[in-house]
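Asks: Let me begin by handing over the structure; questions about it come next.
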Amino acid sequence: MFDKILIANRGEIACRIIETARKNAVRTVAVYSDADENARHVRLADEAVHIGAPEAANSYLKGDLLIEVAKKTGAQAIHPGYGFLSENAEFAEACAAAGIIFIGPSADSIRAMGLKDKAKELMQDAGVPVVPGYQGEGQDPAFLKSEADEIGYPVLIKAVAGGGGKGMRLVEKADDFLSSLESCQREAQASFGNAHVLIEKYLTRPRHIEVQVFADSHGNAVHLFERDCSLQRRHQKVVEEAPAPDMPEEVRAAMGDAAVKAAKAINYCGAGTIEFIVDSGKGLNKESFYFMEMNTRLQVEHPVTELITGQDLVEWQLRVASGEPLPLAQEELVLNGHAFEVRLYAEDPANNFLPQTGKLNHFQTPVVDQHFRLDTGIEEGDEVSIYYDPMIAKLIVWDRARTGALRQMARALRKTSVAGVKTNLEFLAAIFDHQAFKDGDVDTHFIEHHADALLPSGKQAGIETLACAAVRILDRSGAGSDPFGWNDGWRMNMSLKSPLVFLEGEVRHELVAEYLPDGFRLTQEDVSVTVSHVHDEAGRVFLMMNGDREVHATVAESGNDLTVFCDGKVHYLHHFVPGAEDAEEAGGSGVIVTPMPGKVSRLMVAEGDAVEAGQPLLVLEAMKMEHTLKAPVDGTVEKISAGEGDQVSDGQVLVKITEPEQ
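Just so it is clear: in the sequence shown, position 281 is 281 by the UniProt record's numbering, and no numbers are missing.
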C-alpha cells in the first residue's frame with residue numbers, strides 16, 4: 001500500500017478517495033483551482049496545492065503540473081478519479097515515465113478502449129457480442145449516409161472518442177442524417193479534438209446494463225455483478241441501481257463472463273466497467289445484450305456496487321495499483337440486497353434542466369446509516385461553480401430487496417432539502433413515485449415517455465405551502481404569537497391583521513393573516529384556514545390546519561426568498577415587502593439574454609439578418625453542455641453584443657431583435 005497519493009480531481013470523487021485513503025493510513029494531497037480554494041476536498045486532504053485558474057484546461061487538465069506537484073510533495077501515485085485525465089493515455093504514460101504510479105489501467109488499455117470503433121473490433125475478435133453498425137475509416141458524409149441507409153433507421157451517430165453523452169446524435173430518418181452528422185462532428189471536435197464517428201443500429205427499447213470488472217497484475221480478473229443505468233436523460237445517467245431488476249441468473253452469469261473476457265482481451269489492470277446495451281424487446285436472455293463501450297476508470301455510480309457486495313472499490317484500486325492481487329476471487333463475491341443511487345443536480349427541470357449556479361444557502365439530508373449513504377463534495381454555504389459539473393451530491397440507499405430500497409430512496413428524497421439554487425429533487429422524487437419505475441419497467445426512453453408525469457407541473461403553491469411560508473415570515477418578524485409584534489398598526493377591541501404577499505414566478509399570492517389566541521387565520525381570496533399548534537425550529541415547520549390536519553414542511557430562507565419543501569413538492573417563493581419596487585425586466589420580447597454564465601461557441605446570425613421565431617441564433621457552452629438560444633419573435637437582428645469565444649455573464653444581453661411594424 002502507498003504512503004501518500006495525489007488526487008488529480010475535485011468534488012465528491014476527491015472526497016470519496018480521501019475517505020478510503022484515510023481509512024488505510026494513506027496520506028493525501030489535494031489540488032485545487034482558484035474556484036476551489038475553499039472546497040470540501042481541500043479541507044479534508046492532508047495537504048493541498050494550488051494549480052491554476054478555474055478553467056479545467058488551466059488547472060485540472062494540466063498533466064505536467066500535476067506530476068510536478070506529485071514529485072514535490074512526495075506522492076508515490078496519482079489517483080485520477082473520473083473525468084478530467086482519468087482516461088487520458090498520454091497522462092498515464094507521462095506518470096510512468098516520471099516514476100509515478102497511475103492508479104488505473106495502462107496507457108495501452110486506455111487507448112484500446114478509448115476509440116469506440118477500435119474497441120468494437122477488439123470485442124468482435126474476442127467473441128463479445130456487438131451492436132450491428134459501421135466503424136470504419138471512411139468519413140465522407142455521403143458515404144456515411146449510405147452506410148446508415150443500409151443499416152436502416154433509426155441509427156445513432158457516435159463520436160469514436162466520445163463519452164458522457166457528448167458527440168452522440170439519434171437520427172430517425174434519412175433526411176436528418178447529414179445535419180445531425182455535422183452537428184455531432186462539430187461537438188466531437190470541440191470536446192475531444194477528434195471528429196471521427198461511427199454508426200450503430202439504434203435499438204428502439206434499449207436498456208443500459210453495465211458490469212463492474214476488476215483485474216490485477218497477476219492475471220486475475222473478476223466481475224462484481226451488474227448495474228442498471230437505463231434511466232437517462234440526453235444519454236446522461238439519472239438513476240442507477242444494482243442489481244438489474246428481473247435479471248435471470250443465467251443472463252447475469254453470461255454478461256459477467258463476457259465482461260471478464262473483454263477485460264482480459266486487452267490485458268486490463270484495475271477498475272473498469274463494460275457497458276452493454278440490451279434489446280429489452282427480446283427480453284433478458286443470452287442473445288439480447290451487446291457490447292457498447294468500456295469505461296477504463298471508476299464510475300460515478302460505483303457506490304451501488306459497493307453496497308451490494310460490501311467491498312470498497314477505491315481500496316481495491318489502491319491495493320491493485322500497489323501490486324497486490326485482487327482481494328477476492330470470483331466465487332468469494334456475494335451479491336447481497338439492492339441499492340439505488342440518484343444524482344442531485346443544481347438544475348431547473350421546469351426550464352429544460354438548465355444548469356444553475358450560486359450559493360447553497362441550505363443543504364439538509366437524512367442521517368447516514370446502514371440504509372443511507374451520502375457522497376458529496378459540497379456543504380451548506382459552498383458555491384456551485386459555473387466552471388464544473390453542477391452535481392451537488394449522490395444519494396445512495398440499500399435494503400435487503402428492491403421494494404425496500406425503493407422505500408428507502410423515497411424517504412431519503414423527502415428528507416433532503418436544498419436552497420440557494422434550483423435542483424432536480426422534485427423530479428427525482430417523481431421517478432420513485434412512478435408505478436412503472438416501481439415495477440422495474442424501464443428503458444432508456446423512460447423519462448422521455450413519462451415526462452408529463454415526472455416534470456414539475458408548474459402547479460402553484462397551495463394554501464398549506466403558503467401557510468408554512470407565512471409561519472416563517474411571522475416568526476421572523478416576531479409576530480407569530482405576540483399581537484404587539486404586528487407591524488401594521490392596530491387598536492384594542494379590533495382584530496389584528498397583517499397582509500402577506502408571496503411571488504411565485506409570475507404568480508402573485510395575496511393573503512391576510514389574522515391573529516388568533518392559539519395561532520392565526522390565513523385567508524387567500526375565498527379560501528380561509530385556521531393554523532394552530534405551530535412549531536418552527538430551524539426551518540422545520542409543523543402546524544395543524546383547521547384543527548384536524550398536520551402539515552410538515554422545510555422552509556429555507558435567503559433574504560426574502562423562500563424555498564418550501566412540502567408534500568414532496570418544491571416551491572420557490574419571494575416575500576414581497578409592501579412599498580418595494582417591482583423589479584424591471586431585462587428587456588422586451590425581442591431581447592435575448594444569457595440564461596447562465598458561459599462562452600459563446602457559435603454565432604449563427606449576423607446583424608441585419610431577418611429571423612423567424614424559433615430560429616437558432618447562437619450556441620452557448622456552459623456546464624460542459626451546449627445550449628442553443630433561439631429567436632423569441634420574428635424580426636431583424638439589430639445588435640449582437642458578443643462574439644464567438646467570448647465569455648458572457650448571467651443575464652447579459654446578447655442579441656436584440658427589432659420586430660416588424662404592425
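Glycine included, C-beta positions come from ideal geometry on N, C-alpha and C.
Do you know how far the Cα of K569 is from the Cα of G145?
Replies: Per the sequence shown, residue 145 should be read as Lys rather than Gly. Distance between the alpha carbons of K145 and K569: 46 Å.
Asks: Run through the segment 400-467 for me and flag every whole beta strand (DSSP E) of 3 or more residues, listed as ranges in chain order.
Replies: 417-419, all fully within the segment 400-467.
Asks: Any chance you could list the beta strand (DSSP E) runs of at least 3 consecutive residues sitting entirely within the segment 327-407, in chain order?
Replies: Here the runs fully enclosed are 338-345, 362-364, 372-376 and 391-399.
Asks: Who does L511 pair with in a DSSP beta bridge?
Replies: Its beta-bridge partners are L500.
Asks: Hey, quick one: how far does the beta strand (DSSP E) through F640 stretch, first residue to last?
Replies: A small fix is needed here, since residue 640 is Ile in this sequence, not Phe. Here the beta strand (DSSP E) through I640 covers G635 to I640.
Asks: Rounded to the nearest angstrom, how far is the Cβ of residue 663 from that of F225, given a contact under 8 Å?
Replies: Missing from the structure shown is residue 663; the chain here goes from 1 to 662 and no further.
Asks: Can you give me the Cβ contacts of S601 inside the same chain, cut-off strictly under 6 Å, excluding the 5 residues immediately before and after it?
Replies: Taken in chain order, the residues that qualify are V619 and E621.
Asks: Note the first and the last residue of the continuous beta strand (DSSP E) segment covering P303.
Replies: Counting along the chain, P303 falls outside any beta strand (DSSP E), though it belongs to the alpha helix (DSSP H) covering H302 to T309.
Asks: For K237, I'd like the list of residues in its chain whose CB is within less than 6 Å of its CB, leaving aside the five on either flank, ordered along the chain.
Replies: Counting only Cβ-Cβ distances below 6 Å, and skipping sequence neighbours, we find C229.
Asks: Tell me which same chain residues have a C-beta within less than 6 Å of the C-beta of T636, skipping the five on either side of it?
Replies: Closer than 6 Å at the Cβ level, and outside the excluded window around T636, lie A610 and T658.
Asks: Does the segment 299-308 come within contact of the segment 347-358, defined as at least 3 CB pairs closer than 8 Å?
Replies: Too few Cβ pairs lie closer than 8 Å, so no.
Asks: In this structure, how does DSSP classify G643 when only helix, strand and coil are distinguished?
Replies: If DSSP states are grouped into helix, strand and coil, G643 belongs with coil.
Asks: By Cβ distance, which residues of its chain are closer than 8 Å to D433, with the 5 residues on each side in sequence left out?
Replies: Cβ neighbours of D433 beyond the five flanking positions: A410 and G568.
Asks: Where does A142 land, buried or exposed, given buried means 16+ other C-beta within 10 angstroms?
Replies: Per the 10 Å Cβ criterion, exposed.
Asks: DSSP beta-bridge partners for P206?
Replies: The partner list for P206 (beta bridge, DSSP) reads D279.
Asks: Can you tell me which of I463, N361 and S528 puts its alpha carbon nearest to the alpha carbon of G420?
Replies: Nearest option by C-alpha distance: N361.
Asks: Can you tell which of H371, R373, G358 and R400 has the C-alpha that lies nearest to the C-alpha of E380?
Replies: It is G358 whose Cα lies nearest to the Cα of E380.
Asks: May I ask you to list the residues that DSSP assigns as paired with D536?
Replies: Paired residue(s): V541.
Asks: Per DSSP, what kind of secondary structure is E525 in: helix, strand or coil?
Replies: Three-state DSSP puts E525 in coil, outside helix and strand.
Asks: Around the Cβ of D117, are there at least 16 other Cβ atoms within 10 angstroms (buried) or fewer (exposed)?
Replies: D117 is buried by the Cβ-count criterion.
Asks: Would you tell me roughly how many angstroms separate the C-alpha atoms of T416 and A470, rounded to the nearest one?
Replies: So the two alpha carbons sit approximately 21 Å from each other.
Asks: Please report the residue range of the alpha helix (DSSP H) in which D64 lies.
Replies: That run of the alpha helix (DSSP H) goes G63 to T73.
Asks: Please state whether DSSP places R297 in a helix, a strand or coil.
Replies: Here R297 sits in coil by DSSP.
Asks: According to DSSP, is R227 part of a helix, a strand, or is it coil?
Replies: Reduced to three states, the DSSP call for R227 is strand.
Asks: Do Y387 and A35 have their beta-carbon atoms positioned less than 7 Å apart in this structure?
Replies: Yes, the pair counts as a contact, with Cβ atoms nearer than the cut-off.
Asks: May I ask which residues mark the beginning and end of the alpha helix (DSSP H) holding Q124?
Replies: Taken as a continuous stretch (DSSP letters only), the alpha helix (DSSP H) holding Q124 covers K116 to A126.
Asks: Using C-beta distances below 7 Å, list every residue in its chain close to residue 663, excluding the 5 sequence neighbours before and after it, in chain order.
Replies: Since the first residue shown for the chain is 1 and the last is 662, residue 663 is missing from the structure and cannot be characterised.
Asks: Tell me, which residues are paired with E55 by DSSP?
Replies: In the DSSP output, where bridge partners are listed per residue, E55 has none listed.
Asks: So which of D389, V368, H338 and A329 has the shortest CA-CA distance to Q356?
Replies: Cα-wise, what sits closest to Q356 is D389.
Asks: For the beta strand (DSSP E) holding M168, just list the boundary residues, first then last.
Replies: Where M168 is concerned, the enclosing beta strand (DSSP E) stretches over K166 to V171.
Asks: When you compare the CB positions of T73 and D46, do they come within less than 7 Å of one another, or not?
Replies: For T73 and D46, no; Cβs fall outside 7 Å.
Asks: Based on the DSSP secondary-structure assignment, which residues constitute the bridge partners of T158?
Replies: Residue 158 is actually Lys in this sequence, not Thr. Note: K158 sits in a beta bridge opposite M168 and L198.
Asks: Which stretch, first to last residue, makes up the beta strand (DSSP E) that contains V251?
Replies: No beta strand (DSSP E) contains V251, which is instead part of the alpha helix (DSSP H) from E249 to A265.
Asks: Between the alpha carbons of K166 and S191, how many angstroms are there, rounded?
Replies: Cα to Cα, K166 sits roughly 8 Å from S191.
Asks: For T423, count neighbouring C-beta atoms within 10 Å of its own C-beta (all shown protein chains included) and say buried if the count is 16 or more, exposed if not.
Replies: That one is buried.
Asks: In the structure shown, what three-state DSSP assignment does C269 receive?
Replies: The answer is coil: DSSP assigns C269 none of H, G, I, E or B.
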